[in-house]
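Below: the structure, in structure tokens.
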Amino acid sequence: MRSGRFMVISATPSESTSKSMDMGAFSSAETYTVARERGKLGWLPHAAGIGYSHWVRIAAKDRPMHLFKENAPADMDAAVTRIPVIDFGHFFAGEPGALARLGGEVRRACETAGFFYILNHGVPEALIDGAFAQSKRFHAMPLDEKRKLKLDAYNIGYLEINASQQSHSTVHKATRPNQNESFFVTHDRAPDHPDRIAGTPLRAGNYWPESLPGFREGVMAYFRAVNALGQCMLPAFAAALGLDEDYFAPLFADENHAMLRMLHYPPTKIEDNDFGAGPHTDNSFLTILARMEVPGLAIRLPSGEWVTPPLIPGTFLVNIGNMMRRMSNDRFLSTPHGVIVEGAQDRYSLAYFHSPHAYRTIEVAPTCTDADNPPKYPPALYADLIMEFFSANYFHQKDHGKVEMRNRYV
């Protein structure tokens, strides 16, 4: 087993310390029992009635049919699918054999749906509620104030409505911009951080509104918690592919490329071909999504049918991104999804994108290729892949021109 280390960071905003853990002991209870009290990473109690691998039935009739009618099944009432609810609590508690069982559950979910709910994820509900409250505070600010934090060349800052479009998507030909506004944050690197001093692309800091006291602390508390969760999930994906549990650790070390997108979909009347977020796949390794009660998310299954996943208390919705699909040699699904919002209610969601370090090389995993199944993708620097994605989907990139990437970390 290779040596490697993860940093599980306290979710408490007043604490700047972190706990470093040897990957050789990654399955121990100590690794995951990081003080449930005082808002630190721990895990939630088991949700009543949901076991280790419960399955959720989703009626296809609940989809936004006026936009997806070409994929409607003949029998709407009978059309159902299943998205697994996977309990990570056994693994986080260090139970013997839990990682092997969990790897099997994750593998089936990634091969058949590309989405799953994570139960007993360890992020306190108070942190999630606090992050939504901060998002509402930000999006309630006057537009002129938000524009002072305009999105930069590396997608950090504020993105207003009509400023993005899924031009890179092979799922849907978007002809109109997305109807959402967003605020993006990443690791909160200090001005004296070596990468900020060097001006290293994709390794900068954040922009913060001066008029919202406590906003930065509340947002970063949530960011640290979901970033720690993403790191703790990596052994499950390694096990799902038959790899050593620490296989992904070097790719995600030294502050991985991580981005929290705080989304707001204002009330709107949807016109033809309008989306809150057009159908697309994520360019991340995995995405951790928190949603509020207003519906809108739609997922396209391998069958071509669109379904609307329900909210399940105490869970996040997790989906596989293009980087995980690439590394699995297309064994795992990066499932298309989009958002339809129509009505009088505002919709908020928190999308956290967990990806490798920007200056690590992404290549197909050794267990996903052989003489009869050669790699479908060449090795590539993640920074190059992410900038290609940004340039294709965000209009503000045209203002910045082509950005030269530095291979100093390879």
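All letters in the sequence shown, in the order written, are residues 1358 to 1767 by this note's numbering. Built from N, CA and C at the ideal position, the CB exists for glycine as well.
Span of the beta strand (DSSP E) around Asp1444 = Your numbering for residue 1444 matches position 87 in the sequence shown. Segment Val1437 to Asp1444, the beta strand (DSSP E) holding Asp1444.
Taking only the alpha-carbon atoms, compute the straight-line gap between Phe1747 and Tyr1511 and give it to the nearest angstrom.
-> Position 390 of the sequence shown, counting from 1, holds the residue named residue 1747. Position 154 of the sequence shown, counting from 1, holds the residue named residue 1511. Spanning the two alpha carbons is a distance of roughly 8 Å.
Best match in Phe1642, Thr1672, Arg1573 and Met1616 for proximity to Tyr1312 [C-alpha to C-alpha] = The question about residue 1312 has no answer, for the chain in this structure spans 1358 to 1767.
Out of His1694, Gly1556, Thr1724 and Arg1683, point me to the one whose CA is closest to Leu1738's CA.
-> Reading the sequence shown from its first residue, position 381 is the one you call residue 1738. Comparing Cα positions, the closest option is Arg1683.
Phe1642 vs His1711 beta-carbon contact at 9 Å = The residue labelled residue 1642 in the question sits at position 285 within the sequence shown. The residue labelled residue 1711 in the question sits at position 354 within the sequence shown. Cβ distance < 9 Å, so Phe1642 and His1711 count as in contact.
Residue ranges of each alpha helix (DSSP H) run of no fewer than 4 residues wholly in the region 1665-1753, ordered along the chain?
-> Counting whole runs of 4 or more residues, the region 1665-1753 contains the alpha helix (DSSP H) stretches 1679-1684 and 1739-1750.
Taking the DSSP output, what are the residues bridged to Ala1578?
-> The count along the sequence shown starts at 1 and reaches residue 1578 at position 221. None; Ala1578 has no bridge partner.
Would you give the residue range spanned by the beta strand (DSSP E) that Arg1648 belongs to?
-> Taking the sequence shown and counting its residues from 1, one reaches residue 1648 at position 291. Note, Arg1648: beta strand (DSSP E), Leu1643 to Arg1648.
Quick one: residues in its chain with C-beta nearer than 7 Å to the C-beta of Ala1457, no 5 flanking neighbours on either side, listed in chain order?
-> Numbered from its first residue, the sequence shown carries residue 1457 at position 100. Ala1596.
In terms of alpha-carbon separation, which member of Thr1557, Glu1538, Ser1539 and Asn1537 lies closest to Arg1546?
-> In the sequence shown, residue 1546 corresponds to position 189, counting from 1. With distances taken between Cα atoms, Arg1546 lies closest to Thr1557.
When you compare only the Cα positions, how much space is there between Pro1723 and Ser1660?
-> In the sequence shown, counting from the first residue as 1, residue 1723 sits at position 366. In the sequence shown, counting from the first residue as 1, residue 1660 sits at position 303. Looking at the two C-alpha atoms, the distance is approximately 29 Å.
How about the region 1582-1594 and the region 1456-1475: do they share at least three Cβ pairs that are nearer than 8 Å?
-> With a cut-off of 8 Å, the region 1456-1475 and the region 1582-1594 count as touching, because enough Cβ pairs lie within range.
Can you give me the Cβ contacts of Pro1736 inside the same chain, cut-off strictly under 8 Å, excluding the 5 residues immediately before and after it?
-> Mapped onto the sequence shown, residue 1736 falls at position 379. Excluding positions up to five away in sequence, the list reads Thr1718, Ile1719 and Glu1720.
Compute the distance between the beta-carbons of Phe1473 and Leu1674, then report whether it is under 9 Å.
-> Here residue 1473 corresponds to residue number 116 of the sequence shown, with the count starting at 1. Here residue 1674 corresponds to residue number 317 of the sequence shown, with the count starting at 1. Yes, they are a contact pair.
If we ignore side chains and look at the alpha-carbon of each, how far apart do Met1681 and Val1576 end up?
-> In the sequence shown, residue 1681 corresponds to position 324, counting from 1. In the sequence shown, residue 1576 corresponds to position 219, counting from 1. In a straight line, the C-alpha of Met1681 is about 26 Å away from that of Val1576.
Which residues DSSP lists as bridging Ala1615, in chain order | The residue you call residue 1615 lines up with position 258 of the sequence shown. According to DSSP, Ala1615 bridges with His1711.
Apart from the five residues on each side of it in sequence, which residues of its chain come closer than 7 Å, Cβ to Cβ, to Leu1424?
-> Your numbering for residue 1424 matches position 67 in the sequence shown. Here Leu1424 scores only 43 on pLDDT, less than 50, and its place in the model is too uncertain to base an answer on.
Please confirm whether Met1619 and Gln1491 have their CB atoms less than 9 Å apart.
-> Within the sequence shown, the letter at position 262 stands for residue 1619. Within the sequence shown, the letter at position 134 stands for residue 1491. Contact: yes.
Establish whether the CB of Val1542 and some CB of chain C are separated by less than 9 Å.
-> Going by chain labels, chain C is absent from the structure shown, which holds only one protein chain.
Leaving out five residues on either side along the sequence, give the residues of the same chain with a beta carbon under 8 Å from the beta carbon of Arg1553.
-> In the sequence shown, the residue the question calls residue 1553 occupies position 196. Here Arg1553 has Arg1546, Ala1547, Arg1560, Ala1561 and Gly1562 as same chain residues with Cβ atoms under 8 Å from its own Cβ, once five neighbours each way along the sequence are excluded.
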